[in-house]
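Input: a single structure, listed below in structure tokens.
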Amino acid sequence: MTELEEKLLATLAEAKDALAQAKASSAIEELRIKYLSRKGVMTALMGQMGTVPPADKPAVGKTLNLVKKQMEAAFQEATAALSDQSATAQAIDVTLPARLRALGHQHPITQVMEQAVAIFRRMGFVVADGPDLEDVWHNFDALNAPQDHPSRAVTDTFYFDLEHHDYLAKDTMILRTQTSPVQIRAMETHPAPVRIVCPGRCYRRDTPDATHGMSFHQIEGLYVDKKVSLADLKGTLSYYAKEMFGSNVKIRFRPHFFPFTEPSVEWDASCMACGGKGCKVCKGTGWIEISGAGMVNPQVLRNVGWDPEQLSGYAFGMGIERIAMIQYGINDLRLLYENDLRFLHQF
Ligand code: DAH
Numbered sequence: 012m013t014e015l016e017e018k019l020l021a022t023l024a025e026a027k028d029a030l031a032q033a034k035a036s037s038a039i040e041e042l043r044i045k046y047l048s049r050k051g052v053m054t055a056l057m058g059q060m061g062t063v064p065p066a067d068k069p070a071v072g073k074t075l076n077l078v079k080k081q082m083e084a085a086f087q088e089a090t091a092a093l094s095d096q097s098a099t100a101q102a103i104d105v106t107l108p109a110r111l112r113a114l115g116h117q118h119p120i121t122q123v124m125e126q127a128v129a130i131f132r133r134m135g136f137v138v139a140d141g142p143d144l145e146d147v148w149h150n151f152d153a154l155n156a157p158q159d160h161p162s163r164a165v166t167d168t169f170y171f172d173l174e175h176h177d178y179l180a181k182d183t184m185i186l187r188t189q190t191s192p193v194q195i196r197a198m199e200t201h202p203a204p205v206r207i208v209c210p211g212r213c214y215r216r217d218t219p220d221a222t223h224g225m226s227f228h229q230i231e232g233l234y235v236d237k238k239v240s241l242a243d244l245k246g247t248l249s250y251y252a253k254e255m256f257g258s259n260v261k262i263r264f265r266p267h268f269f270p271f272t273e274p275s276v277e278w279d280a281s282c283m284a285c286g287g288k289g290c291k292v293c294k295g296t297g298w299i300e301i302s303g304a305g306m307v308n309p310q311v312l313r314n315v316g317w318d319p320e321q322l323s324g325y326a327f328g329m330g331i332e333r334i335a336m337i338q339y340g341i342n343d344l345r346l347l348y349e350n351d352l353r354f355l356h357q358f
């Protein structure tokens, strides 16, 4: 073996030893520069080929090529082993606590709706449901709305397919303008006594402004049984107001008119901001208007085949947006629907 061949083999062994010690890719890179770069050990050794006697050249050339290949392979192996190791190091540690995901929360309208439902459930009401896409019979006729009631106007209610349907026909489809048709559906499908609340979406052809939307939410209530009285209604709404707005809140009834109730009332809660003394929030009156209510009109009971001589009931229907605005001091209902997270995060 020539002297150069011995040097080559010794260099290979030395490089392999050094690679075995290298624990980081930067160390391997340093060794690569030392052995394999243009100014490295191997280039220098190759330069010595000129001094090899011609007769030895083929054999030494072979050894040179072999050593170079083996050295390159050793470098590749070392690099691969290192990346294997770091892959193991990065593998999932199942004992680590999970990263918490950012969770959203319920929209203020949903919160208020669920709060209201929870209060009524505590008083024995069950949740009933009805379709948003309703017929004229359930939304108007059965609720005793006269045919010339302004809410029936095609400019006030979303009607479907008026080209083929009369807007007064009982089976013409509309987007319900109130949750009150669920009263009818509940009485059609359940025997008395009935005690339901129905939270849900309603639609009207209103131009959106600070207090009106084309779509909004109501919660409807209905209790029909033997001998239900206006005093029961007042007790129920009084409990609701205290739970919703605070234990000092009082309520009052004012006479009103709805086709489906007789007598009808509007009810107010004493102002939560000033306790009833009169302030900016209640415009000096001490009272805040909440919603409509009343005793179920006997004609409505007859419309579902029930006997008003045997049964009586009360009903109420509240706008959820209005309650949310009162609860949170929001002065423009449109804020609730713009879905600006900076706004929604506050609730
Ligand atoms: N449906 C009425 C509305 O949208 C609200 C209402 C008033 C519902 C009185 C009732 C009620 O059940 O008794 O304006």
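Position one of the sequence shown corresponds to residue 12 (the working numbering), numbered consecutively onward.
Backbone N, C-alpha and C fix where the C-beta goes; we use that ideal spot for every residue, glycine too.
The three-state reading of DSSP puts residue 179 in coil, since its state is none of H, G, I, E or B.
Boundaries for residue 97: no beta strand (DSSP E) harbours it, while the alpha helix (DSSP H) harbouring it runs 68-101, taken from the DSSP string.
Every unbroken stretch of the beta strand (DSSP E) spanning 3 or more residues and falling wholly within the region 102-161 is given here in chain order: 144-146. Exclusion of residue 247 from the 7 Å shell around the ligand DAH follows from its C-beta lying no nearer than that to any non-hydrogen atom of the ligand. Distance from residue 330 to residue 302 at the Cβ level is roughly 7 Å; contact confirmed, criterion being Cβ atoms closer than 8 Å. In this structure, the beta-carbon distance from residue 210 to residue 145 does not fall below 8 Å.
If only uninterrupted alpha helix (DSSP H) runs of at least 4 residues are considered, none is enclosed by the region 274-298. Ranking 295, 128, 26 by CA distance to the CA of residue 328 puts 128 first.
The C-beta of residue 323 has 16 or more other C-beta atoms within 10 Å across all chains shown, which makes the residue buried. Within 10 angstroms of the beta-carbon of residue 244 lie 16 or more other beta-carbons, which makes it buried.
In terms of CA proximity to residue 207, 326 leads the group 125, 339, 326.
Counting every other CB atom within 10 Å of its CB across the protein chains shown gives residue 306 a total of 16 or more, marking it as buried. Within the chosen limit of 7 Å, the ligand DAH does not reach the beta carbon of residue 222 with any heavy atom.
Annotated three-state conformation of residue 309 is helix, per DSSP. The C-beta distance from residue 344 to residue 222 rounds to 6 Å, short enough to meet the 8 Å contact threshold.
Checking the DSSP bridge columns, you'll see residue 254 has no partner listed. Inclusion of residue 327 in the 7 Å shell around the ligand DAH follows from its C-beta lying nearer than that to a non-hydrogen atom of the ligand. When Cβ pairs closer than 8 Å are counted between the two stretches, the region 172-181 is seen not to touch the region 120-138, the count staying below three. Between residue 190 and residue 168, the C-beta spacing is not below 8 Å. Ranked by Cα distance from residue 350, the first of 102, 53, 120, 200 is 120. When beta bridges are read from the DSSP output, residue 206 appears opposite 234. DSSP, reduced to helix, strand and coil, places residue 331 within a helical segment of the structure shown. Separation of residue 293 and residue 277 (C-alpha to C-alpha, rounded to the nearest whole angstrom) is 16 Å. Residue pairing by DSSP places residue 326 opposite 233, 305 in a beta bridge. Per the coordinates, the alpha-carbon of residue 148 lies some 11 Å from the alpha-carbon of residue 196.
Judged by DSSP in its simplified three-state form, residue 300 adopts strand. Contact annotation, residue 53 with residue 12: C-beta distance approximately 18 Å; criterion of less than 8 Å not satisfied. Distance from the Cα of residue 252 is smallest, within the candidate group 280, 238, 228, for 280. Under the 8 Å Cβ criterion, the region 77-91 counts as touching the region 26-36, having at least three qualifying pairs. Nearest C-alpha to residue 130 among 232, 340, 318, 286: 232. Closest in alpha carbon position to residue 340, among 288, 315, 308, 282, is 282.
C-alpha of residue 124 to C-alpha of residue 335: approximately 9 Å in a straight line. The beta carbons of residue 228 and residue 320 sit no closer together than 8 Å.
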